[in-house]
Structures are given as C-alpha cells and as structure tokens.
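This report refers to the structure that appears directly beneath it.
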Amino acid sequence: MEWIDINKSTPDQRENPMQNVLCFGYTWKNIYIAQYVNGRFKFNEGTQASAENITHWMELPKPPGDLF
1 MEWIDINKST PDQRENPMQN VLCFGYTWKN IYIAQYVNGR FKFNEGTQAS AENITHWMEL
61 PKPPGDLF
C-alpha cells in the first residue's frame, strides 16, 4: 500500500460510505485512523488531528485471513 496525496484522490465512498482509513497529519507528524464520511475525515474525540492538517491517506490493511 502507498500513501495517497489528498490533492490527487480521496477515499471512494460508493462501496463503503463510512470507510476507515489511515491518515497522516502534517502538524503533529502522526498517523491516525479516521472515518471518511461525507467528504471529510472524522476522528475520535480527544484526537489532536484535524481534517485541515491531513495531507495523505491510505486504506487500512485487510485483517489476517486465518481469523475468519
């Protein structure tokens, strides 16, 4: 998987309207899990991230196959 610049592409909501993704926040140089809903990144309460400082995202990896 590769990081995707949000200026080039955003998560596709057609298949999963509340998709969880990894996000990179420039201000704190951290990686967050966020939901992409209605064209915006939404974070858990108490997270220091804000959608305005997200520069890149990627899909979450699939869970291990032996768990299902």
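Sequential numbering from 1 applies to the sequence shown in our numbering.
Ideal placement from N, C-alpha and C gives every residue a C-beta, glycine not left out.
Can you tell me whether residue i is buried or exposed? The criterion is at least 16 other CB atoms within 10 Å of its CB, across all chains shown.
i, result
"Val37", "exposed"
"Gly25", "buried"
Helix, strand or coil: how does DSSP classify residue i here?
i, result
"Gly25", "strand"
"Glu2", "coil"
"Asn53", "helix"
Starting from residue i, follow the beta strand (DSSP E) in both directions and report where the run begins and ends.
i, result
"Ala34", "30 to 37"
"Lys42", "40 to 42"
Legend entry - Validate contact between the segment 6 to 22 and the segment 44 to 62 using beta carbons, cut 8 Å, 3 pairs: yes
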